[in-house]
Amino acid sequence: MITGVPTEFSPPGPESFDLPPIFSGVEWFTKPVLVATVSVVLIVLFFWAASRKAAVVPGKLQFAGELGYNFVRNSIARDAIGSHEYMKYVPYLMGLFFFILLNNVAASVPLVQFPTFSHIGWAYAAAILSWIIYNAVGIKKHGVVGYFKHQTMPAGVPGWLMPLMIPIEFISNILVRPVSLSLRLFANMFAGHILLLVFVLGAEYMIFETGSIALGGVGIITLLMGFAIAGLELFVQCIQAYIFTVLTAQYIGSAIAEDH
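To convert, count from 1 in the sequence shown and add 482; that's the working numbering.
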């Protein structure tokens with residue numbers, strides 16, 4: 483670089499998500515794997531500590547644990563699945579919700595600042611697991627033929643419309659759901675993170691690289707806007723964990739329902 487001449491700004495892109503391995507020679511152990519592992523440990527330790535000395539009058543830790551449990555049990559599982567069979571699915575929905583939540587919120591944690599689900603493979607894995615579970619419980623309850631009839635032949639539809647409805651319902655209820663689940667989560671985490679990178683790196687470039695007072699002022703405003711977007715992104719991270727979990731619960735409820 484020639485002295486006094488600013489370097490060219492390199493905008494962030496998909497390559498910004500290609501993180502090197504944490505340890506040389508262990509290619510698979512990247513930051514998303516570390517964040518996911520730590521999140522599982524934190525979830526287990528938190529709920530173990532919250533329930534270890536359960537009392538009638540809960541302490542602060544027990545109260546926080548019960549608050550999280552009651553939220554998933556009552557506001558997600560019971561409301562989406564129904565009051566008769568929802569309890570058996572609460573453990574999975576609990577683990578799913580808090581795993582996605584912690585891995586999303588990791589993007590807002592200093593020194594971590596990376597959402598695990600901005601890598602599409604993680605989103606696919608979560609969606610496929612949910613897909614296997616709700617299809618499995620549906621088949622267990624209705625049988626293979628009964629389940630596919632349940633999912634592809636809506637009640638009340640005239641027989642002459644069934645040749646059209648069956649493939650549409652099959653594609654919608656069986657094939658598209660895991661794709662839409664995963665892409666919604668991935669797209670929000672990817673877009674939010676790259677938007678933050680644009681604002682932060684752009685602000686850094688204008689403040690420190692251009693040598694222009696005017697652009698430096700714009701850079702400060704850009705940085706402040708980046709902080710505002712970071713707050714909005716934190717909200718989106720929480721909402722996406724809720725949406726993914728509540729849709730999974732709704733799919734389970736639909737799979738085991740008596741009527742389509």
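Cβ atoms here follow ideal geometry from the backbone N, Cα and C, with glycine treated the same way.
So residue i and residue j are in contact, right, with Cβ under 8 Å, and what is the actual spacing, rounded?
{"i": "F581", "j": "S662", "result": "No, F581 and S662 are not in contact; Cβ-Cβ is about 19 Å, not under 8 Å."}
{"i": "A608", "j": "V517", "result": "Wrong, their Cβ atoms sit about 14 Å apart, outside the cutoff."}
{"i": "T704", "j": "A673", "result": "18 Å between Cβ atoms; not a contact."}
{"i": "I558", "j": "V728", "result": "5 Å"}
{"i": "F596", "j": "P514", "result": "7 Å"}
{"i": "G547", "j": "F528", "result": "7 Å"}
{"i": "V682", "j": "G708", "result": "5 Å"}
{"i": "A723", "j": "S664", "result": "Going by Cβ atoms, the distance from A723 to S664 rounds to 14 Å, so no, they are not a contact pair."}
{"i": "L524", "j": "L584", "result": "6 Å"}
{"i": "F726", "j": "F668", "result": "That belief does not hold up - the Cβ atoms of F726 and F668 are roughly 11 Å apart, past 8 Å."}
Just verifying my parser: in three-state terms, what is the DSSP assignment at residue i?
{"i": "P493", "result": "coil"}
{"i": "H566", "result": "coil"}
{"i": "Q595", "result": "coil"}
{"i": "G713", "result": "helix"}
{"i": "D500", "result": "coil"}
{"i": "A739", "result": "coil"}
{"i": "G698", "result": "helix"}
{"i": "F726", "result": "helix"}
{"i": "V538", "result": "coil"}
{"i": "G620", "result": "helix"}
{"i": "T704", "result": "helix"}
{"i": "V639", "result": "coil"}
{"i": "W604", "result": "helix"}
{"i": "V718", "result": "helix"}
{"i": "V515", "result": "helix"}
{"i": "S612", "result": "helix"}
{"i": "W510", "result": "coil"}
{"i": "M483", "result": "Confidence at M483 is low in this model, with a pLDDT of 42, below 50, so its placement is unreliable and the value that follows should be read with caution. Coil, per DSSP."}
{"i": "F528", "result": "helix"}
Spatial neighbours of residue i within its chain, please: C-beta separation below 8 Å, excluding the five flanking residues on both sides.
{"i": "K623", "result": "Y629, A737 and I738"}
{"i": "A712", "result": "S590 and L678"}
{"i": "A536", "result": "Q544"}
{"i": "L501", "result": "T512, K513, P514 and F596"}
{"i": "V594", "result": "K513, V517 and A588"}
First and last residue of the alpha helix (DSSP H) that includes residue i?
{"i": "K542", "result": "K542 to N552"}
{"i": "H632", "result": "V626 to T634"}
{"i": "N670", "result": "R659 to F690"}
{"i": "F581", "result": "V572 to V587"}
{"i": "F652", "result": "M644 to F652"}
Within its chain, find whatever has a CB closer than 6 Å to the CB of residue i; leave out the 5 residues flanking it on each side and keep chain order.
{"i": "H601", "result": "P514"}
{"i": "V554", "result": "L575, M576 and F579"}
Can you give me the Cβ contacts of residue i inside the same chain, cut-off strictly under 7 Å, excluding the 5 residues immediately before and after it?
{"i": "I563", "result": "Y571, A731, I734 and G735"}
{"i": "Y551", "result": "M576"}
{"i": "E567", "result": "I738"}
{"i": "R659", "result": "W613 and Y733"}
{"i": "I648", "result": "T634 and M635"}
{"i": "A531", "result": "L543"}
At a cut-off of 7 Å, would you count residue i as near the ligand PLP, judging by its Cβ distance to the nearest heavy atom?
{"i": "E691", "result": "Although the ligand PLP was asked about, the structure shown includes no ligands whatsoever."}
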